[in-house]
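J.: Protein sequences, first through last, are from chains A and B. Under our numbering, think of the first position of the first sequence as 3, with each following residue one higher. Under our numbering, think of the first position of the second sequence as 244, with each following residue one higher. Note that CB positions come from ideal geometry on N, CA and C, so glycine has one too. Input: one structure, supplied below.
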Amino acid sequence: MAKKKVPEINASSMADISFLLLIFFLVTTSMAVDKGLSRRLPQPLPPDMKLEDTETKIKDRDIFVVKINSMNQLLVEGKEMNVRELREAAKEFIENPANDENLPVKTQEEIEGLGLVEYTKDHVISVQNDVDTQYQAYLEVQNELVAAYNELRNDYAMTRFGKSYQELDEDTQKAIQKMYPQKISEAEPKNYGGNK
Amino acid sequence: MAKIRKSEKKEMPALNTASLPDIIFMLLFFFMTVTSMKEVTYKVRFTPPEATELQKLEKKSLVRYIYIGTPTEEFRKVYGSETRIQLDDAFADVSQIEDFIVRERESMDEDEKNLMTVSIKADKDTRMGIIADLKQALRRAYALKISYAAVQRTSY
Numbered sequence: 003m004a005k006k007k008v009p010e011i012n013a014s015s016m017a018d019i020s021f022l023l024l025i026f027f028l029v030t031t032s033m034a035v036d037k038g039l040s041r042r043l044p045q046p047l048p049p050d051m052k053l054e055d056t057e058t059k060i061k062d063r064d065i066f067v068v069k070i071n072s073m074n075q076l077l078v079e080g081k082e083m084n085v086r087e088l089r090e091a092a093k094e095f096i097e098n099p100a101n102d103e104n105l106p107v108k109t110q111e112e113i114e115g116l117g118l119v120e121y122t123k124d125h126v127i128s129v130q131n132d133v134d135t136q137y138q139a140y141l142e143v144q145n146e147l148v149a150a151y152n153e154l155r156n157d158y159a160m161t162r163f164g165k166s167y168q169e170l171d172e173d174t175q176k177a178i179q180k181m182y183p184q185k186i187s188e189a190e191p192k193n194y195g196g197n198k
Numbered sequence: 244m245a246k247i248r249k250s251e252k253k254e255m256p257a258l259n260t261a262s263l264p265d266i267i268f269m270l271l272f273f274f275m276t277v278t279s280m281k282e283v284t285y286k287v288r289f290t291p292p293e294a295t296e297l298q299k300l301e302k303k304s305l306v307r308y309i310y311i312g313t314p315t316e317e318f319r320k321v322y323g324s325e326t327r328i329q330l331d332d333a334f335a336d337v338s339q340i341e342d343f344i345v346r347e348r349e350s351m352d353e354d355e356k357n358l359m360t361v362s363i364k365a366d367k368d369t370r371m372g373i374i375a376d377l378k379q380a381l382r383r384a385y386a387l388k389i390s391y392a393a394v395q396r397t398s399y
C-alpha cells in the first residue's frame, strides 16, 4: 500500500497570530520603570515617650534648619532662600570648608579604607514643614538635600580616588557614606492650632 | 559563442517565511518578560512631582504602592474632590494603612519582610498634612523604607 503522505499544516497564519499577540502586549504594558526618591523613616517612638524627650541637646552650630511654610517659601537658618540656592548652602554646611565657628564642629576620626579624615560628625539637617505645604515643594527640598550629599560624596571620590562615587567598590562607598552620613531629620509633625 | 540568454520569464523564488513566526515569538516573549501589567486601576488622579536624585525601585515583588490624589471623574460624585488615599483597588483611610502593611507583610517571604519598600505615589499638589499622617502610620507599622515616586526633571 502506498504510504499516505501526511498533509502539511499550513503555518503561514502563525506569523499573523503571533504578531497579534505581540501588538497586544505592546499596547497593554508599560515599560516605565518606577523611580523615586528613596528615604528612610526613623524608628517609631515608644508610646510612653514624650515628644520633648526626643529633642536631645544639639548644639546650635550643628543644626541646619530648613522650614517650609504653607506658601512653599523657604526659611533656611533664619534667612529666606530660593530652593535653587539650597544645595550650595547645604553643601557648605555639611562640609564646613573654612572651619567656620558657626558651622558644625569638625572631628578627626579614623575611617577604615580612608584613613584619618576630618569631617562634621554631629551635623543634623532638620526639615520642618507646614500642614499646608505642597508636596512638590517638600520633595524639592528633600531632593536638593540628597543632591548635596551625593555631590559631596562624588567630589570626595573624585579628588581622593579619581573616580566617581558610582564607580567605586562597595566597601569604599560605605566608607564615604560614613564620612558623609545622610542626616536629614524631619520634625515630628506638630499641629499648630489645628482642630484634631 | 556565449549567448546572452533572454530569461524565459524566470520566476522570483518564494521567500521562505518559515522562521518568521519564531522571530515574532521571540519578540513576544521578550516583551512579555520585560514589561509589567498595570498593577491596579487608578481611582485617584495624580501627576508625580519632579526631582533629580532618583533611584530605581529594584525588585517589584518587594514594593507596595500607596496612591494619593483627587478621585477621578467617575468617583467625584460619591467621594467628592478631596485628596484621598487608594490602597490596592479601593479608597482607604489613613487608619487602614497599618493593617494594609501588616497584611502585605504577612504574605511575603520570611527573609524578604524587612526589605519591603513602600512607594508613595502622590500628586504634586497634595498638602503635606495627609502625607505626614501617612508617614506616621508607616512608622507605626515599621515600614521604614519608603520611596517618593517622582519623575526625572528635564529642566528647571
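Suppose you measure from the CA of LYS93/A to the CA of ASP102/A; what does that come to, to the nearest Å?
T.: Linking LYS93/A to ASP102/A through their CA atoms gives a straight-line distance of about 14 Å.
J.: What does DSSP give as the partner residues of GLN136/A in its beta bridges?
T.: GLN136/A pairs with ARG370/B.
J.: From this set, MET73/A, GLN45/A and LEU105/A, which residue's C-alpha is nearest ILE65/A's C-alpha?
T.: Nearest C-alpha to ILE65/A: LEU105/A.
J.: Does any residue of chain A have a CB that is nearer than 7 Å to the CB of ALA294/B?
T.: yes
J.: For GLY196/A and ILE70/A, what's the separation of their Cα atoms in angstroms?
T.: Legend: pLDDT at GLY196/A = 43, less than 50; position of this residue unreliable, no value from coordinates given.
J.: So, ILE267/B versus LEU24/A, is the Cβ gap smaller than 7 Å?
T.: LEU24/A is positioned such that its CB atom lies closer than 7 Å to that of ILE267/B.
J.: Closer than 8 Å is the cut-off here; do at least three beta carbon pairs connect the region 331-339 of chain B with the region 71-83 of chain A?
T.: Segments in contact, no.
J.: Check whether chain A comes within 7 Å of PHE274/B, counting only Cβ atoms and requiring the distance to be less than that.
T.: yes
J.: From SER15/A to ARG288/B, what does the alpha carbon distance come to, in whole angstroms?
T.: 42 Å
J.: I want to check one thing, is the minimum distance from the CB of ASP157/A to the heavy atoms of the ligand ATP below 6 Å?
T.: Of the ligands one can find in the structure shown there are none, so the ligand ATP has no counterpart to examine.
J.: Strictly under 7 Å for the Cβ-Cβ distance: is PRO48/A near chain B by that measure?
T.: So no, PRO48/A is outside the interface.
J.: Looking at C-beta atoms only, is the number of pairs between the region 130-149 of chain A and the region 366-376 of chain B that lie closer than 8 Å three or more?
T.: A contact exists between the region 130-149 of chain A and the region 366-376 of chain B.
J.: State the start and end residues of the unbroken alpha helix (DSSP H) segment that holds ALA17/A.
T.: 14-30
J.: Identify whether LEU105/A lies in helix, strand or coil by the three-state DSSP scheme.
T.: coil
J.: Do ILE186/A and LEU147/A have their C-beta atoms within less than 7 Å of each other?
T.: yes
J.: Return the residues of the region 120-140 of chain A that lie within a Cβ-Cβ distance of less than 9 Å from chain B, sorted by chain order.
T.: ASN131, ASP132, VAL133, ASP134, THR135, GLN136, TYR137, GLN138, ALA139 and TYR140
J.: I'd like to confirm the pairing. Which residues does DSSP put opposite VAL119/A in its beta bridges?
T.: GLU111/A
J.: Report the rounded CA-to-CA distance for ILE389/B versus SER262/B, giving the unit in angstroms.
T.: 47 Å
J.: Beta-carbon separation of LYS367/B and PRO292/B under 7 Å?
T.: Cβ distance < 7 Å, so LYS367/B and PRO292/B count as in contact.
J.: Just to make sure I have the definition right: I need the residues of chain B whose C-beta is within less than 7 Å of the C-beta of SER20/A. Which are they?
T.: PRO264, ILE267, PHE268 and LEU271
J.: Can you tell me which of the three DSSP states ARG42/A falls into?
T.: The three-state reading of DSSP puts ARG42/A in strand, counting E and B together.
J.: Would you list, in chain order, the members of the region 62-75 of chain A that have their beta-carbon closer than 7 Å to a beta-carbon of chain B?
T.: Residues of the region 62-75 of chain A with a C-beta atom less than 7 Å from some C-beta of chain B do not occur.
J.: Can you grab the Cα-Cα spacing for the pair GLU296/B / ALA392/B, in whole Å?
T.: 11 Å
J.: Do LEU305/B and LEU381/B come within 7 Å of each other at the CB atom, strictly closer than that value?
T.: no
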